[in-house]
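Before any comments, here is the structure.
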Amino acid sequence: MILLSLLAVVLLTLCVAGFTVLSARRKAAASGDADSDSQSFVGGVLNALFTVVLAFYIVFAWQNGDDIDKSSQQEANALTDTYWQASIAPAPHSTAIQSLTAQYASRVADHEWAALDRGDTDPEVDRLLNSLRSEVLALPVDNEAIKSSREQSLQNIRQIDEGHRKRVDIATDDQNFNIVLLAASFLGAALMIAFPLLIGLSMRPANVAAMVLLTLTLGFTAYMSVELLHPLHGPFAVDPDPFRTALAGFDSTSHTGT
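Here's what the structure looks like:
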């Protein structure tokens, strides 16, 4: 809402300035005082600034989604390894650990992902991870194979915890810096459309077609930029596929009895 309000103010300011400058432009053109070199220079500077700001925004916004995806892969891989490490543990420890890894993956994919998209967290995921850690710590250490599995599982749990914390921090971050860059990109796009109109364009069909194409292109770019701000939904959304893949592997193992 704040961003839309700021954008409305900027557009209103541009409209007022446009009517004022357009009137002066006609007089300048009639007297032959128009300076096309200066106008080309200013237009080039505006274009360069818009391109740089937009590029920075895309890099930072895209990096958020990429980091979430990498953290998810890290979590899912560590969960899968923990599941298989538990297969050599005695019952009921093995059953409890494998059940908790499956519950964790299911909870993330079916509940936490949607909560993070809303900017919320899911305490149940932390509870499941704490329970998983407790079960692994309870494994006996009098057998070398089980002791080795226990140590590896604890390392996996640290990776799960780190990946989870990083994923949650990114998904729930307010993204103030990216929002500032996005607002600056919108301002640059508005100036790129307004500037040719302010300096005065003739009604030649080629000029009209160029302005229509420019407006459509910048409008589409602005829309896609807004969608990029949300890493968990929209056309650039990161899906919880690593956790679903891990669950599918757990299910196939339980069904085959191996």
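Take the sequence shown: its position 200, counting from 1, is numbered 498 in the working numbering, and each next residue is one higher.
By construction, the Cβ of each residue, glycine as well, lies at the ideal position given by its N, Cα and C atoms.
Beta-carbon proximity list for residue i, same chain, < 6 Å, skipping 5 on both sides
i    : result
I395 : A384 and E433
G379 : Going by the sequence as given, residue 379 is Asp instead of Gly. Once the five neighbours on either side are set aside, the close Cβ partners of D379 are N454.
S429 : L398
L450 : One detail in the question is off: residue 450 reads as Gln in this sequence, not Leu. These residues qualify, in order along the chain: Q383.
D365 : I468
Endpoints, the alpha helix (DSSP H) within which residue i is located
i    : result
H462 : E442 to T470
L430 : P421 to L435
Q401 : H391 to R405
D408 : No alpha helix (DSSP H) contains D408, which DSSP labels as neither H nor E.
Per-residue burial, residue i [other beta carbons within 10 Å of its own, 16 or more giving buried]
i    : result
Q361 : exposed
R324 : With a pLDDT of 48 at R324, under the threshold of 50, the modelled position of this residue cannot be trusted, and the question is left open.
M522 : exposed
T349 : exposed
G363 : buried
V466 : buried
F518 : exposed
G417 : exposed
H462 : buried
L352 : buried
L516 : buried
S321 : Annotation note: pLDDT 44 at S321 (below 50); position unreliable, no value reported.
Rounded straight-line distance, which links the Cα of residue j to that of residue i
i    : j    : result
I444 : L527 : 46 Å
K368 : W411 : 15 Å
N474 : T393 : 45 Å
R456 : A374 : 13 Å
A469 : H391 : 33 Å
D539 : D424 : 20 Å
A326 : A508 : Summary for A326: the model assigns pLDDT 47, below 50, so the residue's position carries little reliability; its value from the coordinates is reported in the next sentence. Using only the alpha carbons, I get a separation of about 23 Å.
T513 : P533 : 22 Å
L496 : Q371 : 51 Å
H409 : D420 : 8 Å
F358 : G342 : 25 Å
W549 : E422 : Per the sequence presented here, residue 549 reads as Asp, with Trp not at that position. The alpha-carbon atoms of D549 and E422 are separated by roughly 22 Å.
A492 : A504 : 17 Å
A520 : Y381 : 44 Å
E442 : D471 : 43 Å
K464 : G547 : 25 Å
A488 : E525 : 19 Å
Proximal residues to residue i (C-beta, below 7 Å), its chain only, five neighbours per side dropped
i    : result
D459 : L427
Y355 : N476, L479, L480, S483 and S523
L530 : W411, L414, D415, A469 and V536
P494 : M509
Residues near residue i by beta carbon distance below 8 Å, same chain, minus five either side
i    : result
N345 : M490
A328 : Model confidence at A328 stands at a pLDDT of 48, short of 50, so the residue's coordinates are unreliable and nothing is read from them.
L545 : A400, A403, S404 and A407
L377 : T399, Y402, A403, N454, I458, F541 and A544
P388 : P438 and I444
S447 : Q383, A384, I386, A387 and L437
L452 : R431, V434 and L435
L347 : G486
L511 : none
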